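The numbering of the sequence shown is numbering that gives the first Met the number 0, which starts it at 0 and goes up by one. Glycine included, each C-beta is placed from N, C-alpha and C at the ideal position. These numbers were taken from a predicted model, which means no experiment stands behind them. One structure is given here, and the rest of the page talks about it.
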Amino acid sequence: MLALLLTIAHAEDCVRTFAVTELRTDLERTGEQLEKGDAEGFAASIQRLDKLVPCAESALPAEQVADYRVLSGVKAFTFGDPDLAAASFLAARVLASDVSIPLYPRDHEIYALFDRYDPLRARRERLRAPRTGTLLLDGYPTLERYLDAPAIAQITVGDQVVSTQVLAPGELPVYRVRHPLRSGLVATTSVLGVTSALLLAQIPAARKGFYGTDDYNQLKRYQYRNNTLLVGGFVGLGLTVGSGALTGLWWDR
């Protein structure tokens with residue numbers, strides 16, 4: 000089993016991992032406190048969420064992270080940090096296009112921050128695939144990093160989280176990337192293997208035609224075809240083996 004490795008902004012605060020089922024309960028409680036106008040309880044609950052979310056023991060549910068980002072934006076707005084509020088709302092809208100801010104009417108000033116960034120036009124950077132596993136940003140499998148939004152970057156292998164990083168706006172996750180030759184070699188090996196198999200599979204038909212005719216020209220034609228298929232098939236097999244060996248060499252690079 001892979002060891003859990005947490006590479007987060009405040010690793011000392013991650014005293015335990017938590018099941019993602021706890022996240023929904025905490026989100027509901029935090030939302031209720033916001034609706035009741037319990038400012039102190041809301042601040043305490045969102046602070047608890049800030050510590051819990053990076054410590055998830057499995058992949059974060061993207062729809063719940065979207066709710067968390069909205070609540071974080073409300074907190075930032077309440078505490079007078081409009082830039083962080085706008086960044087949090089962008090992170091939420093990237094995950095859920097129909098997300099909205101509870102309690103606040105559409106003409107409230109908070110929506111100016113909500114609309115500051117358009118997810119379709121916001122700055123982003125294409126990341127490289129991790130060497131192993133799948134990269135999740137705020138619970139969503141993607142290589143598109145929105146630069147003006149915060150994000151929680153997880154790398155998962157199967158159902159297990161092996162790396163978690165808390166990213167501020169503008170930060171990029173750090174991890175070992177897949178070597179660029181790897182994908183090309185995999186594709187080349189596959190194409191060569193299929194091509195060789197198709198060539199060799201036609202040899203029985205060519206042999207059957209060769210032994211089934213007495214016409215000299217036809218015999219020469221079938222013999223030429225048979226030889227071509229044999230040479231092409233075995234050359235292809237040799238190239239497949241060579242490409243496969245290179246693929247194995249670069250697989251873990």
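*Identify which residue in VAL176, THR194, VAL165 has its Cα closest to the Cα of CYS54.*
Indexing the sequence shown from 1 puts residue 54 at position 55. If we check each option's Cα against that of CYS54, VAL165 comes out closest.
*What does a CB cutoff of less than 8 Å around VAL19 pick up in its chain, not counting 5 residues either side in sequence?*
Here residue 19 refers to the residue found at position 20 when the sequence shown is read from its first residue. Answer for VAL19: ALA55, GLU56, SER57, ALA58, LEU59, PRO60, GLN63, listed in chain order.
_Beta-carbon proximity of ILE45 to LEU70, cut-off 8 Å_ = Position 46 of the sequence shown, counting from 1, holds the residue named residue 45. Position 71 of the sequence shown, counting from 1, holds the residue named residue 70. Against a cut-off of 8 Å, the Cβ pair of LEU70 and ILE45 comes out as a contact.
*If we ignore side chains and look at the alpha-carbon of each, how far apart do ARG115 and THR16 end up?*
The residue you call residue 115 lines up with position 116 of the sequence shown. The residue you call residue 16 lines up with position 17 of the sequence shown. Answer to the nearest angstrom: the Cα atoms are 34 Å apart.
_Option in ASP37, ALA95, VAL93, VAL98 with minimal Cα separation from LYS74_ = Looking up residue 74 in the sequence shown gives position 75. Cα-wise, what sits closest to LYS74 is ASP37.
_According to DSSP, simplified to helix, strand and coil, what is TYR110?_
To locate residue 110, count along the sequence shown from 1; it is residue 111. It is helical.
*Which of helix, strand or coil does DSSP assign to ARG23?*
Sequence index remark: in the sequence shown, residue 23 carries index 24 (1-based). Here ARG23 sits in helix by DSSP.
*Quick one: Cα of GLN159 to Cα of LEU135, how far?*
The residue labelled residue 159 in the question sits at position 160 within the sequence shown. The residue labelled residue 135 in the question sits at position 136 within the sequence shown. Their Cα atoms are separated by approximately 12 Å.
*LEU51 versus ASP66, LEU33, ASP25, GLY79, residue with shortest Cα-Cα distance*: Taking the sequence shown and counting its residues from 1, one reaches residue 51 at position 52. Nearest of ASP66, LEU33, ASP25, GLY79 to LEU51, Cα basis: ASP25.
*Where ILE154 and PRO168 are concerned, what is the direct C-alpha to C-alpha distance, given to the nearest angstrom?*
For the purposes of this step, residue 154 is taken as the residue at position 155 of the sequence shown. For the purposes of this step, residue 168 is taken as the residue at position 169 of the sequence shown. C-alpha separation (whole angstroms): 19 Å.
_Less than 7 Å separating the Cβ of ALA152 from some heavy atom of the ligand PLP?_
No copy of the ligand PLP occurs in the structure displayed, which carries no ligand at all.
_Is the separation between the beta-carbon of PRO118 and that of VAL156 shorter than 8 Å?_
For this step, residue 118 is matched to residue 119 along the sequence shown. For this step, residue 156 is matched to residue 157 along the sequence shown. Contact flag unset, no.
*Have a look at SER162 and LEU171 and give me their C-alpha separation to the nearest angstrom.*
On the sequence shown, residue 162 is found 163 positions in, with the first residue counted as 1. On the sequence shown, residue 171 is found 172 positions in, with the first residue counted as 1. About 14 Å.
*asked:* What does DSSP give as the partner residue(s) for PRO140 in the beta ladder?
replied: As a first step, residue 140 must be located in the sequence shown, where it is residue number 141. DSSP lists LEU135 as partners of PRO140.
*Taking the alpha-carbon positions, what's the ALA111 to GLY72 distance?*
By 1-based counting over the sequence shown, the position of residue 111 is 112. By 1-based counting over the sequence shown, the position of residue 72 is 73. Going from the Cα of ALA111 to the Cα of GLY72 covers about 12 Å.
*Could you tell me how far apart the beta carbons of LEU89 and ARG122 are, in whole angstroms, since I believe they sit closer than 8 Å?*
As a working note, residue 89 is residue 90 in the sequence shown. As a working note, residue 122 is residue 123 in the sequence shown. Rounded, the Cβ-Cβ distance is 10 Å, inconsistent with contact.
*asked:* Is ASP137 close to chain C? Criterion is C-beta to C-beta, closer than 8 Å.
replied: The chain labelled as chain C is not found in the depicted structure, where only one protein chain is given.
*asked:* Based on DSSP bridge pairs, tell me the residues matched to GLU124.
replied: The residue given as residue 124 occupies position 125 in the sequence shown. Paired residue(s): ARG144.
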